[in-house]
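Each residue of the sequence shown is one higher than the one before, starting from 9 at the first, in the working numbering.
Let me begin by presenting the structure, written as structure tokens, before commenting on it.
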Amino acid sequence: MAQNPETDSPPAFPRLLALPAVERPVRIPVTHFAGVGSADDLPDRLLLGDLETESFRWEKKGWSAEWVDADGHRARLRFAGGLSSLELAYRGDEAVTLTTAERFVDLGQTVQTIHPGAWLDILGRHLEGQYNLRVFPHREDDAVGGDFPDGHLLTLVMPVPADRLMAMFDLHKRLQGDADIRTGLTAYLRLAFSVVNYIEGRNPAMLAHPAGLVLHHVNALGTPAAEMPLREMDEEGLAAWTLRRSHYLYVAHLHLREAARLVGRLAEAGFIGRAGDAREGWPHAPEFGAALLPFGYEYAAKNAYWFDRDRRRRIFYPAFADTDERNALGSQRGDVWIRALIRDAQKKSDQLKADTARAFAEGLAVGMGRPERGLH
Numbered sequence: 009m010a011q012n013p014e015t016d017s018p019p020a021f022p023r024l025l026a027l028p029a030v031e032r033p034v035r036i037p038v039t040h041f042a043g044v045g046s047a048d049d050l051p052d053r054l055l056l057g058d059l060e061t062e063s064f065r066w067e068k069k070g071w072s073a074e075w076v077d078a079d080g081h082r083a084r085l086r087f088a089g090g091l092s093s094l095e096l097a098y099r100g101d102e103a104v105t106l107t108t109a110e111r112f113v114d115l116g117q118t119v120q121t122i123h124p125g126a127w128l129d130i131l132g133r134h135l136e137g138q139y140n141l142r143v144f145p146h147r148e149d150d151a152v153g154g155d156f157p158d159g160h161l162l163t164l165v166m167p168v169p170a171d172r173l174m175a176m177f178d179l180h181k182r183l184q185g186d187a188d189i190r191t192g193l194t195a196y197l198r199l200a201f202s203v204v205n206y207i208e209g210r211n212p213a214m215l216a217h218p219a220g221l222v223l224h225h226v227n228a229l230g231t232p233a234a235e236m237p238l239r240e241m242d243e244e245g246l247a248a249w250t251l252r253r254s255h256y257l258y259v260a261h262l263h264l265r266e267a268a269r270l271v272g273r274l275a276e277a278g279f280i281g282r283a284g285d286a287r288e289g290w291p292h293a294p295e296f297g298a299a300l301l302p303f304g305y306e307y308a309a310k311n312a313y314w315f316d317r318d319r320r321r322r323i324f325y326p327a328f329a330d331t332d333e334r335n336a337l338g339s340q341r342g343d344v345w346i347r348a349l350i351r352d353a354q355k356k357s358d359q360l361k362a363d364t365a366r367a368f369a370e371g372l373a374v375g376m377g378r379p380e381r382g383l384h
């Protein structure tokens, strides 16, 4: 198998589409801990929650207060005698740390010293049991991404059909006014390449034939296959039909605090399937699933792959995102321009589906297999 589908010539679809950002400014009446005289001086959000005004307490030589999330996450900050401590609880798992911060904004640096690996594991068990979604672990030696006021960062990626791009744009518009989404969110759609290995003998007959695989992909995502599927074999003799596919990939940067709510919103809107749904179409089949990554993995991770629960399919991404594309988002010219690009992608997708269906019906794809070669 070719090792780097990202270098292939892309199909003539818009490559990059910015989505409306969800902005949640934070109120910080007093910058320094030592300047706090009452609950009115505290930020209205901090790391894992919203301020509970009644939690403010005067303590010996200082004060303490709590910020709580609707899902039960909690942050407690204590300041006394010029020293501060931070207590965090995520889904019942607690962490306590002393801080050198003197200002609220300095807590962004403190967050980067608190490794969220255990919390991400807890989140994974919670979400993977409900949704067609994979949560990548955060290894102990990897850098931690986080900021003030909202703490640890994650990235969500998933394929999105070309005929659902406008629906995703409109969903982000609605999220801007969704009072339950408490923290900021930025996202975009990029035209990407990925690979799916359909293990022979473990999938429906249609997914063991090149024409059937192409039709399956185009009907689901509305974008071209990178080439006709190949039957490949690994060193142990395991055979698979390999589909190299182009598609739109949703890339969203969010906070750990907000992850379950955002996934829930995406599932309600039909972008993420439910766990255990045996249907083969989008978004139910494993190759259309979402992935939650520690922030930064989307740019640093190369050749990421995983198997579905039944080991019928292997999903492979040479890369999830590109920093140059991310930096180019600022040059896009507003909602009217993005909507026009989306409509253009829709037209190209509709034509592709019609052409593919006609070719399939006429049997033009019969006999287009290629010689076997080694598995990726």
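Here a beta-carbon is modelled for each residue, glycine too, at the ideal position from N, C-alpha and C.
Next item on the list: For His261, collect the residues of the same chain with a Cβ closer than 6 Å to its Cβ; drop the 5 residues on either side in sequence, then sort them by chain order.
Entry: Thr163 and Thr194, listed in sequence order.
Check: What do you get for Asp158, buried or exposed, if any count of 16 or more other CB atoms within 10 angstroms of its CB means buried?
Finding: Buried: at least 16 other Cβ atoms inside 10 Å.
Check: In angstroms, rounded to a whole number, what distance separates the CA positions of Asn211 and Lys356?
Finding: Near 30 Å, if we compare the C-alpha coordinates of Lys356 and Asn211.
Notebook entry, point to check: Are the beta-carbon atoms of Gly80 and Met166 separated by less than 8 Å?
Noted result: Cβ atoms of Gly80 and Met166: not closer than 8 Å.
Next item on the list: Reducing DSSP to helix, strand and coil, say where Lys68 ends up.
Entry: In this structure, Lys68 counts as coil in the three-state DSSP scheme.
Item checked: Closest Cα partner of Ile207 within the set Asp318, Tyr307 and Arg182 -> Per the Cα distances, Asp318.
Margin query: Would Leu55 and Val119 be called neighbours here (beta carbons separated by less than 8 Å)?
Written below: Cβ atoms of Leu55 and Val119: closer than 8 Å.
Check: What did DSSP end up calling Asp358 once you bin it into helix, strand or coil?
Finding: In the structure shown, Asp358 sits in a helix (DSSP, three-state: H, G or I).
Note to self: If distances are taken between C-alpha atoms only, which option among Glu31, Glu95 and Arg53 comes closest to Leu183?
What the structure shows: The option with the nearest alpha carbon to Leu183 is Glu31.
Check: Using CA coordinates, which residue listed in Glu67, Pro145, Gly43 and Phe368 is at the minimum distance from Val226?
Finding: From the listed residues Glu67, Pro145, Gly43 and Phe368, the smallest Cα separation to Val226 is found for Phe368.
Notebook entry, point to check: Relative to the alpha-carbon of Ile280, which residue among Trp345, Leu251, His292 and Arg23 has its alpha-carbon at the smallest distance?
Noted result: Per the Cα distances, His292.
Next item on the list: Taking Leu85 as the reference, give the member of Gly245, Ala42 and Arg99 with the closest Cα.
Entry: Of the listed residues, the one whose Cα sits closest to Leu85 is Ala42.
Notebook entry, point to check: Across which residues does DSSP place Asn205 in a beta bridge pair?
Noted result: According to DSSP, which records beta bridges pairwise, Asn205 is partnered with Thr250 and Arg322.
Check: Is it the case that the Cβ atoms of Gly230 and Lys361 are separated by a distance below 8 Å?
Finding: Closer than 8 Å, so yes.
Check: From which residue to which residue does the alpha helix (DSSP H) around Met176 run?
Finding: Going by DSSP, Met176 is part of the alpha helix (DSSP H) stretching over Leu173 to Gln184.
Item checked: Sequence-distant residues of the same chain with beta carbon closer than 7 Å to Asp101, five excluded per side -> Here the set comprises Ala126, Trp127 and Ile130.
Margin query: Going by DSSP, what residue range makes up the alpha helix (DSSP H) through Pro218?
Written below: It spans Pro218 to Leu229 - the alpha helix (DSSP H) in which Pro218 sits, taken as one unbroken run.
Check: Grouping DSSP H, G and I as helix and E and B as strand, with all else coil, what is Phe315?
Finding: Phe315 falls in the strand class under three-state DSSP.
Next item on the list: Measuring alpha carbon to alpha carbon, tell me which of Glu110, Val34, Leu27 and Pro169 ends up nearest Gly289.
Entry: Minimum Cα distance to Gly289 is reached at Pro169.
Notebook entry, point to check: Is the distance from the Cβ of Tyr256 to the Cβ of Leu199 below 8 Å?
Noted result: Yes, the Cβ-Cβ distance between Tyr256 and Leu199 is below 8 Å.
Note to self: Report the CB separation of Val404 from Arg252 in whole angstroms; it is logged as a contact under 8 Å.
What the structure shows: Past the edges of the chain, shown from 9 to 384, lies residue 404, and the structure says nothing about it.
Check: Ordered along the chain, which non-local residues of its own chain (more than five positions away) have a Cβ less than 6 Å from that of Thr107?
Finding: Cβ-Cβ distances below 6 Å link Thr107 to Ser92, Leu94 and Thr118 in the same chain, with the five nearest sequence neighbours on each side left out; the list follows chain order.
Notebook entry, point to check: From this set, Arg172, Gly154, Gly116 and Trp71, which residue's C-alpha is nearest Asp358's C-alpha?
Noted result: Asp358 has its Cα closest to that of Arg172, out of Arg172, Gly154, Gly116 and Trp71.
Check: If we call anything under 8 Å between Cβ atoms a contact, is Arg321 one with Asn140?
Finding: Cβ distance not < 8 Å, so Arg321 and Asn140 don't count as in contact.
Next item on the list: Indicate whether Phe177 and Pro28 have their beta-carbon atoms separated by less than 8 Å.
Entry: Pro28 is positioned such that its CB atom lies closer than 8 Å to that of Phe177.
Checklist line | Neighbourhood of Ala277 by C-beta distance below 6 Å, restricted to the same chain and skipping five residues each side | finding: Once the five neighbours on either side are set aside, the close Cβ partners of Ala277 are Leu179.
Checklist line | Cβ neighbours of Pro294 in the same chain (closer than 6 Å, five flanking residues each side left out) | finding: So the qualifying residues of the chain are Asp316 and Arg321.
Next item on the list: Identify, in the order they occur along the chain, each residue of the same chain with its Cβ nearer than 8 Å to the Cβ of Arg23, setting aside the five sequence neighbours on each side.
Entry: The answer, listed in chain order, is Arg198, Leu199 and Glu333.
Notebook entry, point to check: Is the CB-CB distance between Ala97 and Arg82 below 8 Å?
Noted result: Contact flag set, yes.
Note to self: If I follow the unbroken alpha helix (DSSP H) through Arg269, where does it start and stop?
What the structure shows: Where Arg269 is concerned, the enclosing alpha helix (DSSP H) starts and stops at Ala267 to Glu276.
Notebook entry, point to check: Quick one, which of Arg190, Gly284, Gly304 and Gly209 has its alpha-carbon nearest Asp33's?
Noted result: The question names Asp, but residue 33 in the sequence shown is Pro. Proximity to Pro33 across Arg190, Gly284, Gly304 and Gly209 peaks at Arg190, based on C-alpha coordinates.
Check: If we ignore side chains and look at the alpha-carbon of each, how far apart do Pro232 and Pro218 end up?
Finding: Those two C-alpha atoms are separated by around 13 Å.
Checklist line | Of the listed residues Thr250, Gly220, Asp352 and Ala308, nearest to Thr364 (C-alpha basis) | finding: The shortest C-alpha separation from Thr364 is found at Gly220.
Next item on the list: Helix, strand or coil for Ala187, going by three-state DSSP, please let me know.
Entry: In this structure, Ala187 counts as coil in the three-state DSSP scheme.
Check: According to DSSP, which residues form a beta bridge with Ser92?
Finding: Ser92 is bridged to Phe87 and Thr107.
Margin query: How far does the alpha helix (DSSP H) with Val119 in it extend, from its first residue to its last?
Written below: Element bounds for Val119: Leu115 to Val119.
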